[in-house]
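Quick note, the sequence shown lines up with residues 2 to 231 if you use my numbering. From the three backbone atoms N, C-alpha and C, an ideal C-beta is built for every residue, glycine too. As the structure is a computational prediction, the values presented were derived from the model and not from experiment.
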Amino acid sequence: MNQTDLEQGYDVHRFGHEREPVIVIDGFSGWTDGLIKAGRSAQYEQVTGYPGIRANIEPKGYVSQADKAPLLAAALREEFGFSQMKFESCSFSIVTLRPEELSPAQRIPHFDEARAHVVAIVHYLSARAESGTAFYRHRRTGFETITPERLDDYERAKKTDDADFGEAAAQYQRGDSERYELIGEVEAKPDRLIAYRGRQLHSGNILSVPAPDRAVTEGRLTVTGFILGA
């Protein structure tokens, strides 16, 4: 795949001061209806830390059926410098917790993994444009990514935030707050996949949560996962 193919096949956003790449691939799977049907009939479980439910997917089967899996691999090589890569995990994911049920950590942007070789993916299946993924800068530290070297400073700064501002309000992060500044976002679109380093501070734009008995059939359905690169 040559450079022209890459440029035509995916977009890259570089938000904020640190300019971390966020890869965007539209029409990733080419079989959205089949994935939605599978996701709406999957067997879900509550997951510690995630504000909702997940159902594991076999990564090889998921990737092998995706039209643009080779493009994703090429983009990861080009943007992150990976020569080897593998899926660590992959699952259907649906947000189900109401704002008042969120833990303090779930009310603010988060990072998934401080190490640079871990890339998160979000594959939107049934989501409104405004329910995509947003990226943030922590105001007190100026951090947009949390690296191993920044972990201790970031944790201390969050405690100072709590002392100054009190506990974060019981709501999903959306836009600016006294703690975090929005630096960019990617709209959701059926069959759009985004990939970004797990160390970036980010949050899903959660507009509403359906009643528990309708979560699987009506909730914001995505495929989420982690890719390890080398």
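ARG215 sits away from VAL120, with the two beta carbons spaced by 9 Å or more.
Contact between ALA76 and TYR11 holds, since their C-beta atoms are separated by about 5 Å, short of 8 Å. For the pair of segments examined, the region 77 to 93 was found not to touch the region 171 to 186: the number of CB pairs separated by less than 8 Å stays below three. Secondary structure of GLU89 (DSSP, three-state): strand. In the displayed model, LEU98 falls within coil according to three-state DSSP, outside both helix and strand. A check of alpha carbon separations from LEU222 across LEU36, ASP27, SER30 and VAL13 identifies LEU36 as the nearest. Annotated three-state conformation of SER127 is strand, per DSSP. Contact check for HIS14 against ARG138 fails: the beta carbons are separated by 9 Å or more. Classified as buried, GLU21 has 16 or more neighbouring CB atoms from the shown chains inside 10 Å of its CB. The beta carbon of VAL217 is closer than 7 Å to those of ARG41, TYR45 and ILE95 in its chain, skipping five residues each way along the sequence. Looking at the DSSP output, HIS139 bridges to TYR181. Rounded to the nearest angstrom, the Cβ distance from ASP68 to ARG193 is 13 Å, too far for a contact under 8 Å. Per DSSP, the unbroken alpha helix (DSSP H) holding SER65 starts and ends at 60 to 65. In this structure, the beta-carbon distance from VAL23 to GLY185 falls below 9 Å.
Between ASN206 and TYR155, the gap from beta carbon to beta carbon reaches 9 Å or more.
According to DSSP, residue pairing for ASN57 in a beta bridge involves SER92. Relative to GLN201, the option among LYS160, ALA56, PHE83 and ILE122 whose CA is nearest is ILE122.
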